[in-house]
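My numbering puts the first residue of the first sequence at 1033, with every later residue one more than the last. Ideal placement from N, C-alpha and C gives every residue a C-beta, glycine not left out.
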Amino acid sequence: MPILSVSRVLKSPAEAIGTEATVQGWVRTRRDSKGGFSFVALSDGSCFDAVQLVVPADLPNYQSDVLRLTAGCSLEATGTLVQSQGKGQGVEMQVKSLKVYGFVEDPDSYPIQPKPHTFEYLRDVAHLRPRTNTFGAIGRVRHTLAMAIHRFFHENGFSWIHTPIVTGSDCEGAGQMFRVSTLDLANIPKTPEGKVDFSQDFFGKETHLTVSGQLNVETWCTALSKVYTFGPTFRAENSNTSRHLAEFWMIEPEIAFADLHADADLAEALLKYMYRALLNERPDDMKFFAERIDKECVTRLEKFVNATFERITYTEAISLLEKAVAKGEKFEYEPKWGIDMQSEHERFLTEKVFGRPVAVMNYPKDIKAFYMRMNDDGKTVAAMDILAPGIGEIVGGSQREERLDMLDKRLDEMRLHKDDYWWYRDLRRYGTVPHAGFGLGFERAIIYATGMQNIRDVIPFPRTPRNCQF
RNA sequence: UCCCCUGUAGCUCAAUGGUAGAGCGGCCGGCUGUUAACCGGCAGGUUACUGGUUCGAGUCCAGUCGGGGGAGCCA
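As C-alpha cells, this is what we get:
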C-alpha cells in the first residue's frame, strides 16, 4: 500500500480517485455523524489543507480509538480515495483501517485548540505552534524562500561560502556581540594588570558570535568573484521591537568587478526571484495569508515582481522629505541633509510617497561604516539601503572601498586600529578590485511576503532579550 | 535602554472597592455527509508574584517578573 503525503492526495484528484493508499498525520478536528461514521481532518504539513477521512463506525477500533480522537492525535489511515460527497473538499478517504500512534494525554489542556489563538500565546507553546495553520504555512514559506535564494545564486554562478559563526575579529562593526568563552565565570583568570586573561580561553583570545559574514566573504569574493553567505547572525543589542531578533538569518552576497549599481541590480533580481518562486510554489499558503493575515500580500508581491525598483539618492530622499514638510507634513525629527533617516522618514517614503520598497543610495559618509567606498564628491559613500513599507530596512549594502589609501584614511578618521584589519587590508594590497555586496534580512523578507506583523512569528524559535525558551 | 498599555478558567475576554462570569475548547447526552457544525447538561479559578492601604482588593498604591505597541540600534 503506497504511503502518500496529504499534498500528493489533494494535488491531483483525477489520479488519486479510486486508488488505495495510506496517509499519516495529526488530527485537526473530528466530527461524529450518527449516520454511522466520523469525519477526521488529518494534516501532515505537506501542504496547507488537511485531508478528510471518513471513518465508518463498524471499524473494530471505532469505539476504543476513533471516538477518542481529538486535535493533535497522531495516526495512520488506510483506505480508498474517493470523490467527496460533501462540499468542502474534492477528494477524501473512505477509511478501511486506522491505527493511532499517539493520543493526546489531556485533551482539555492541549494547547492547540481548533480555534484562533493569539500569536503572543502561541509563542509560549512554540514547540506545538507549527501544528497551526499559520505556522505550518510560515514553515513552508520559509523553506521555499530559502531554496529559491540558493537556486538563484547557483543558477547565476555564485558559490555559497560558509563563513564562520565564531569570530576572532572584534572589528566587525558597531553591533554588540555575544561572547564565546569556556572560561569559568566564577573564577576568571586575570592578567597582572587585573584584566581578563583571554590567553587562557579556548581560542587563546577574545572571541564572539558573528554579527556579519561580510568581511570574511569579501576574501573569497576576491578569488571566486561571485559569492554569498547564508546563515545565522547574532546581535546582542537590547532591541525590543517587532523587527529585531538576537539570532536571525542573513543573506550576504559579494560580487567582484562591480559597483553600487550592479549591487542594486543584484538585490532587485534576487528579491524578484524569491517572491516569484513563492507565488508559483506556495499558492495555498499565500492564499491563506491573503485571507487571514494581510489582504494585500499577494497583490503586493505580484506588483513587486513586475515593477521596476524605485531608486533614489539620499540627497533626493531628504529633499522629498523637506518638500513634504513645506506642504505641512509633521515629523518629530526635522529631515535635514546629513542626518540618519528616522523610522518616520522611511515610513513616509515607502508608505506615502512610493507605496512600495525604495532603494536609497549614496549616504553621507559620517553616518555609514568605514568600509564603504568614498564617492568623488568627498561627502557621500556608495551605500545602498532598501526600505520596505511596514518593515524599514530590509537590505543594507554598499560598494566597498577597494583603494588602500582611502580605506586607511577612513580607518584613521574613525579611530580604528589598522592592525586589527591586517588581512582585510591585504585584499587591497594584493590585486584589489572594485566590489560590492549587501545584507538581506531573511526574516524581514518573510514578513514582507506574508504580512506577518512580528518577526518572532516567522522564525521557528525566536531569540530576543530575556527570552531563550525552547 | 526609554515612553505608553497590559497580566482573571486550557484559550479569548467580562466583572461600580462588596458572593469571580460568558463564549470557545474538554467531558456526558441528543441531532446531523459533517467541515470555525448545531442543541442540552457537567466539570473547570492561589485573579502573574511580593508587600501595602482598607471592615473588605481581580479592582487602589509600590516593587518584581512576563507580554504588547512605539522609539533608538540595525537585517
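| query | Alpha carbon to alpha carbon, how far is aspartate 1233 from aspartate 1452? | reply | Looking at the backbone, the Cα of aspartate 1233 and that of aspartate 1452 are separated by about 19 Å.
| request: Classify tryptophan 1369 as buried or exposed, calling it buried when 16 or more other Cβ atoms lie within 10 Å of its own Cβ. | output: exposed
| message | Using 8 Å as the cut-off, can you tell me whether the region 1204-1218 makes contact with the region 1427-1445, which would need three or more C-beta pairs spanning the two stretches below that distance? | response | no
| Can you give the Cα-Cα distance for valine 1114 and valine 1087, rounded to whole angstroms? | The alpha-carbon atoms of valine 1114 and valine 1087 are separated by roughly 13 Å.
| Through-space distance from glutamate 1286 to glutamate 1250, alpha-carbon basis | 6 Å
| request: Could you name each continuous beta strand (DSSP E) segment of 3 residues or more that falls completely within the region 1198-1270, going from the start of the chain to the end? | output: 1239-1241 and 1258-1266, all fully within the region 1198-1270.
| request: Identify every residue that forms a DSSP beta bridge with proline 1285. | output: Tyr1260
| Per DSSP, what kind of secondary structure is leucine 1042 in: helix, strand or coil? | helix
| said: Per DSSP, what are the beta-bridge partners of glutamine 1056 in this structure? | reply: In the DSSP assignment, the residues bridged to glutamine 1056 are Glu1108.
| task | From the DSSP output, in three-state form, read off asparagine 1394 for me. | result | strand
| said: I believe glutamate 1284 touches glycine 1471 by the beta-carbon criterion, under 8 Å. Please report the beta-carbon distance rounded to the nearest angstrom. | reply: 5 Å
| Collapsed DSSP secondary structure at leucine 1101 in the structure displayed | Three-state DSSP puts leucine 1101 in coil, outside helix and strand.
| What residues in its chain sit with their C-beta under 7 Å from that of alanine 1356, if we drop five residues either side in the sequence? | Phe1380
| query | Expressed to the nearest angstrom, what Euclidean distance is found between the alpha-carbon atoms of isoleucine 1479 and lysine 1304? | reply | A straight-line Cα-Cα distance of about 15 Å links isoleucine 1479 and lysine 1304.
| task | Would you mind sorting tyrosine 1307 into buried or exposed? The rule is 16 or more other CB atoms within 10 Å of its CB. | result | Taking all protein chains in view, the Cβ of tyrosine 1307 is crowded by 16 or more other Cβ atoms within 10 Å, so the residue is classified as buried.
| task | Starting from arginine 1505, follow the alpha helix (DSSP H) in both directions and report where the run begins and ends. | result | Within the shown structure, residues of the chain are numbered from 1033 to 1502, placing residue 1505 beyond reach of any answer.
| field | Bridge-paired residues (DSSP) for asparagine 1338 | value | Under DSSP, asparagine 1338 forms no beta bridge with any residue.
| query | Mind checking whether asparagine 1394 and tyrosine 1346 have CB atoms under 8 Å apart? | reply | yes
| For alanine 1158, which residues from the same chain have a beta carbon less than 8 Å from its beta carbon, with the 5 sequence-adjacent residues on both sides left out? | Pro1492, Phe1493, Pro1494, Gln1501 and Phe1502
| query | Would the region 1073-1088 and the region 1036-1047 be scored as touching if the rule is three or more Cβ pairs under 8 Å? | reply | Inter-segment contact for the region 1073-1088 and the region 1036-1047 is present: three or more beta-carbon pairs are separated by less than 8 Å.
| message | Rounded to whole angstroms, what is the Cα-Cα separation between aspartate 1409 and glutamate 1348? | response | 15 Å
| query | Tell me which same chain residues have a C-beta within less than 6 Å of the C-beta of threonine 1112, skipping the five on either side of it? | reply | Contacts found: Glu1052 and Gln1126.
| message | Quick check on valine 1173: does DSSP put it in helix, strand or coil? | response | helix
| said: Going by C-alpha to C-alpha distance, which of Glu1047, Leu1247, Pro1092 and Arg1155 sits closest to methionine 1459? | reply: Note that residue 1459 corresponds to leucine in the displayed sequence, not to methionine. Cα-wise, what sits closest to leucine 1459 is Leu1247.
| field | From Ala1255, Arg1461 and Val1123, residue whose alpha carbon lies closest to that of isoleucine 1049 | value | Val1123
| said: With a threshold of 7 Å on Cβ separation, who are the neighbours of glutamine 1516 within its own chain once the five nearest residues in sequence on each side are excluded? | reply: Nothing can be reported for residue 1516, as the shown portion of the chain is limited to 1033 through 1502.
| said: Please classify isoleucine 1423 as buried or exposed, where buried requires at least 16 neighbouring CB atoms within 10 angstroms. | reply: buried
| Looking only at its own chain, which residues have a Cβ that is under 7 Å from the Cβ of glycine 1200, when we skip the five neighbours before and after it? | Excluding sequence neighbours, glycine 1200 sits near Phe1235, Lys1237 and Thr1239.
| query | So, helix, strand or coil for threonine 1464, using DSSP? | reply | coil
| field | Per-residue burial, tryptophan 1557 [other beta carbons within 10 Å of its own, 16 or more giving buried] | value | Outside the modelled stretch of the chain, which goes from 1033 to 1502, sits residue 1557, for which no answer is possible.
| said: Does the region 1171-1180 come into contact with the region 1291-1299, if we say contact requires no fewer than three beta-carbon pairs (one atom in each stretch) closer than 8 Å? | reply: no
| task | Rank Leu1439, Trp1192, Phe1071 and Lys1362 by C-alpha distance to the C-alpha of glycine 1263 and give the top, closest one. | result | Comparing Cα-Cα distances from glycine 1263 to each of Leu1439, Trp1192, Phe1071 and Lys1362, the minimum goes to Trp1192.
| request: Compute the distance between the beta-carbons of alanine 1468 and alanine 1339, then report whether it is under 8 Å. | output: Cβ distance not < 8 Å, so alanine 1468 and alanine 1339 don't count as in contact.
| Using the rule of at least 16 other Cβ atoms within 10 Å of the residue's Cβ for burial, across every protein chain shown, is serine 1244 buried or exposed? | buried
| Whose C-beta lies closer than 7 Å to the C-beta of phenylalanine 1190 among residues of the same chain, with five residues either side of it excluded? | Non-local C-beta neighbours of phenylalanine 1190 in its own chain, meaning closer than 7 Å and more than five positions away in sequence, comprise Lys1258, Val1259, Tyr1260 and Pro1285, ordered along the chain.
| request: Measure the C-alpha to C-alpha separation of proline 1139 and tyrosine 1133 and round it to an integer number of angstroms. | output: 16 Å
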